[in-house]
Structure formats: C-alpha cells, structure tokens
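Counting along the sequence shown from 1, when you hit position 97 you're at 1238 in this note's numbering, and nothing is skipped either side.
Cβ atoms here follow ideal geometry from the backbone N, Cα and C, with glycine treated the same way.
Computed from a prediction, not measured in an experiment: that's the story for all the values here.
Please read the structure below before turning to the comments.
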Amino acid sequence: MLRAAGVGAGDEVVVPAFGNVEVAEAVTLVGALPAFADIDPLTYCLDPDAVEAAVTPRSAAVVVVHRFGRRPCIERLHALGRRHGLLVLEQGESEVPYDETAQRRERAAYLDARLKGVRTPDGSDGHTYQQYVVRVPGNGRPDRDAFARAVRARGVECRVPVKTPVHRLPEFRRCVSLPQTERAADETLALPVDASLTKRDMQRVVSACNALGGLLQPAF
C-alpha cells in the first residue's frame, strides 16, 4: 500500500514502536524512513498527539496498528492526516467469530472482577480481547518477568506480548522519547481468555495470579 501510494526514498512514515517489527520493515522496503511515535497507554495504539508531534516536513504517511482487540482513535488520526496531507493506513487484526468474541468477553469480565495486584485492561470501545493484557507494576519485587515465571510455574500459560520495542532493536535504534511504549513493554503480560477455557481453567488463572498479589504494590 505504501508503494502504491508513492511513498519512497526521502519520505518518513510514522509508525508505532510497540509491536511488530514488520511494519517498520515494510517502510524501509519502499526506501522510506520509519519515525516512531508513542502509544496511548489504554489502547496500546498510536496516540494522535504523539503522532502530531512526530510529523515533519518529510512525513508522508502514518501506519496505525490495532492492538489486542482495541481500536485506535481513528477519527482523530484521519483528521490529523487531512490537516497535514498524510496518508493514514490501518493494519487490523484477524477477525474472531462473533460467538468466540462473546465468550472471550465473558472470560475477561470474570478476570476483571477477581484479579488483584495487576491492572486489568480497559474494556471500552468494543474491546474484542484478542489478547487479555494486564499490567504488572515493576516496583522491584517482583517485576513482570518474575511474575510471569511464577504464574507459569503454577500451570498457567502467559506471554509477554512485546518483548522489545522496535526502536530498541539494533537495525531500528533511535534516540527518541517514547515513555508509554517503554513502560508498556516492561509491564504488560497477556493472560489466557480463549473460548476453549473452562471455568476451572479461569479459576486457576485467578488463583495463580492472586497468590502473588501480596508481593506487588497496588496497581494504580
């Protein structure tokens, strides 16, 4: 899409650093330069204010990526694109069948009501819970990685959704301030909410996480 729109050498494309490296790679493949902007801490998608701050005279496009079942503030981003003459492209997620989305929402609501010591995701704006991503505040004891190891040791699968932001990777390293991206990369953990999970499975998730809750500072 970038190539078809005439984006190429000498252009900049604003992209998120929180997430897939493939987006930044696509920008370099057409000869343009990725410019990283920060994310909204609730949706994990590009923050329109951060995008506006990243725009330069060389900016030609913005690539907006949906995250974990949350949508970006696309209306504001399209308005920004019109204001600056930028192409705004969206990269969505694979669609989950309606019945499965409803089941994921039920499991997410169960976790929302019972988890302690972690910050549960904001469920507004039609969240489909492609992933149920919590925040584990660092505070030293334990950090997110230690928390994840302890949860796995109790038989619960979990995963770090973004291990390294793209702007930290050697081939894309930039001296840029992305505080929300950095914090999200350090704190986020995806817990299971698959439609196949039974009530006993969900109880095991809650039990495993809450057993560690006393070791954490309150999540604000």
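Alpha carbons only, please: which of the options is nearest the one belonging to residue i?
| i | options | result |
| --- | --- | --- |
| Val1237 | Arg1246, Ala1167 and Phe1177 | Arg1246 |
| Ala1167 | Glu1216, Leu1143, Asp1190 and Tyr1185 | Leu1143 |
| Thr1184 | Gly1210, Asn1161 and Thr1169 | Gly1210 |
| Gln1232 | Val1192, Leu1252, Ala1249 and Val1203 | Val1203 |
| Ala1146 | Gly1226, Asn1161 and Ala1220 | Gly1226 |
Step through the CB atoms of chain C and report whether any lies within less than 9 Å of the CB of residue i.
| i | result |
| --- | --- |
| Val1334 | No chain C appears in this structure, which consists of one protein chain only. |
The alpha helix (DSSP H) spanning residue i covers which residue range?
| i | result |
| --- | --- |
| Phe1288 | Arg1285 to Ala1294 |
| Tyr1239 | Tyr1239 to Arg1255 |
| Glu1193 | Pro1189 to Ala1195 |
| Glu1379 | The shown model of the chain, from 1142 to 1361, leaves out residue 1379, and the question about it has no answer. |
| Glu1323 | Pro1320 to Glu1328 |
| Val1204 | Premise fails: Val1204 lies in the beta strand (DSSP E), Ser1200 to Val1206, not in any alpha helix (DSSP H). |
| Ala1349 | Lys1340 to Asn1351 |
Ignore the nearest five residues each way along the sequence and tell me which others in residue i's own chain have a CB closer than 6 Å to its CB.
| i | result |
| --- | --- |
| Ala1291 | Leu1353 |
| Phe1361 | No answer about Phe1361 holds up, because its pLDDT of 41 lies below 50 and its placement is not dependable. |
Output needed for residue i: all residues of its chain with C-beta closer than 7 Å, excluding positions within five of it in sequence on either side, in chain order.
| i | result |
| --- | --- |
| Arg1199 | Gly1151, Asp1152 and Glu1153 |
| Thr1242 | Thr1269 |
| Arg1315 | Phe1177 and His1308 |
| Arg1255 | Val1347 |
State the Cα-Cα distance for the pair residue i and residue j, rounded to the nearest angstrom.
| i | j | result |
| --- | --- | --- |
| Ala1131 | Gln1272 | Beyond the ends of the chain as shown, which are 1142 and 1361, falls residue 1131; an answer cannot be given. |
| Asp1240 | Leu1218 | 30 Å |
| Glu1312 | Lys1257 | 39 Å |
| Glu1163 | Ile1215 | 21 Å |
| Ser1337 | Val1347 | 17 Å |
| Leu1174 | Leu1319 | 17 Å |
| Ala1194 | Gly1296 | 44 Å |
| Phe1288 | Glu1328 | 10 Å |
| Pro1182 | Gln1321 | 6 Å |
| Gln1344 | Cys1350 | 10 Å |
| Pro1262 | Val1148 | 36 Å |
| Leu1228 | Glu1234 | 20 Å |
So, for residue i: in the same chain, excluding its five sequence neighbours on each side, which residues have a beta-carbon less than 8 Å away from its beta-carbon?
| i | result |
| --- | --- |
| Lys1304 | Ala1326 |
| Cys1186 | Pro1157, Ile1180, Val1205, Val1206, His1207, Arg1208, Arg1211, Arg1212, Pro1213 and Cys1214 |
Between residue i and residue j, which are expected to be in contact by the criterion C-beta below 8 Å, what is the C-beta distance as a whole number of angstroms?
| i | j | result |
| --- | --- | --- |
| Ala1165 | Val1156 | 6 Å |
| Val1192 | Leu1221 | 6 Å |
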